[in-house]
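Following: one structure in structure tokens, then a few remarks.
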């Protein structure tokens, strides 16, 4: 039986969990289906913001930024109270991080028209306790694709030997999860862990 009063989605608990690089590496790899060998926790990007609909001083948001060995960055956000514009905010964080990375590339490689060649993608993973999508599927992953052919859009940074998905946004709706809804163990274990459920 899991601890009923200590939830993995609580702010301080979640930060402690993701400070473990092996856990973070496995989580990102399983959720985004990426081959991850190393992760780096980037300091200064763990942000807590109050929820507008919660009592004053009650914090509900955990942002964690990690850098993968291939240069890709991933924002992990946990949302325990439903917010109407949560997806807007997550997208804003991703865009802000891309902008920050561009400014850093300008400093490292010079302010030239080729600065963008050094940019790696920034992906997002959202662990949400409330439902955001009108279906029974607890796991969604979005990418940027051509509307008629479904061809995915990729980029290849100058110093990378492979192509990267331009956008990846994954959502784990913990409230929807039932053991029979997900067959893949690599996904199931994270729903049960962060949903504070018994492992099946």
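In the UniProt record's numbering, the protein residues as written are 1 to 200. Backbone N, C-alpha and C define an ideal beta-carbon position, used for all residues, glycine too.
For the segment 100-114 against the segment 79-88, are there 3 or more C-beta pairs whose distance is under 8 Å?
-> Taking one beta carbon from each stretch, the segment 100-114 and the segment 79-88 have fewer than 3 pairs nearer than 8 Å; the two do not touch.
Inter-stretch contact (C-beta, 8 Å, three-pair minimum) for the segment 161-175 and the segment 117-124 | With contact defined as three or more Cβ pairs closer than 8 Å, the segment 161-175 and the segment 117-124 are in contact.
Apart from the five residues just before and just after residue 131, which ones in its own chain have a Cβ nearer than 7 Å to its Cβ?
-> Walking along the chain shown from the start, residue 131 turns up at place 131. Contacts found: 173, 175, 176.
Beta-bridge pairing of residue 145 - partner residues as DSSP gives them = Counting from 1 along the chain shown, the entry for residue 145 is found at position 145. For residue 145, which the question treats as bridged, DSSP gives the partners 152.
Under a three-way DSSP split, which group does residue 120 fall into?
-> The residue labelled residue 120 in the question sits at position 120 within the chain shown. Residue 120 falls in the coil class under three-state DSSP.
Extent of the continuous alpha helix (DSSP H) run through residue 28 | Counted from its first residue, the chain shown places residue 28 at position 28. Where residue 28 is concerned, the enclosing alpha helix (DSSP H) stretches over 21-32.
Residue 67 bridges to which residues according to DSSP?
-> Along the chain shown, read from residue 1 onward, the residue named residue 67 stands at position 67. The beta-bridge partner set that DSSP reports for residue 67 consists of 40, 73.
Between the CA atoms of residue 97 and residue 150 - distance to the nearest angstrom = Position 150 of the chain shown, counted from the first residue, corresponds to residue 150. Position 97 of the chain shown, counted from the first residue, corresponds to residue 97. Within the model, the alpha-carbon separation for residue 150 versus residue 97 is close to 27 Å.
Taking the C-alpha atoms as reference points, what is the distance between residue 8 and residue 26?
-> In the chain shown, the residue the question calls residue 8 occupies position 8. In the chain shown, the residue the question calls residue 26 occupies position 26. For residue 8 and residue 26, the distance between alpha carbons rounds to 16 Å.
With a cut-off of 8 Å on the beta carbons, I'd call residue 187 and residue 133 a contact; round off their distance for me.
-> Mapped onto the chain shown, residue 187 falls at position 187. Mapped onto the chain shown, residue 133 falls at position 133. Wrong, their Cβ atoms sit about 16 Å apart, outside the cutoff.
Name the DSSP beta bridge partners of residue 140, please?
-> The sequence position of residue 140 within the chain shown is 140, counting from 1. DSSP lists 171 as partners of residue 140.
For residue 6, the nearest candidate out of 30, 195, 199 (CA to CA) = Residue 6 sits at position 6 when you count from the first residue of the chain shown. Closest by alpha carbon: 195.
Between the CA atoms of residue 192 and residue 180 - distance to the nearest angstrom | Numbered from its first residue, the chain shown carries residue 180 at position 180. Numbered from its first residue, the chain shown carries residue 192 at position 192. Going by the C-alpha atoms only, they are around 12 Å apart.
Specify, as a first and last residue, the run of the alpha helix (DSSP H) that residue 132 falls within.
-> The sequence position of residue 132 within the chain shown is 132, counting from 1. No alpha helix (DSSP H) contains residue 132, which DSSP labels as neither H nor E.
If you draw a straight line from the alpha carbon of residue 88 to that of residue 28, how long is it in whole angstroms?
-> Locating residue 88 in the chain shown gives position 88, counting from the first residue. Locating residue 28 in the chain shown gives position 28, counting from the first residue. Their backbone Cα atoms lie some 22 Å apart in a straight line.
Reduced DSSP secondary structure (H/G/I, E/B, other) of residue 164 | Here residue 164 is taken as the residue at index 164 of the chain shown, counted from 1. Strand, per DSSP.
The alpha helix (DSSP H) spanning residue 97 covers which residue range?
-> Locating residue 97 in the chain shown gives position 97, where the first residue counts as 1. Residues 86-109.
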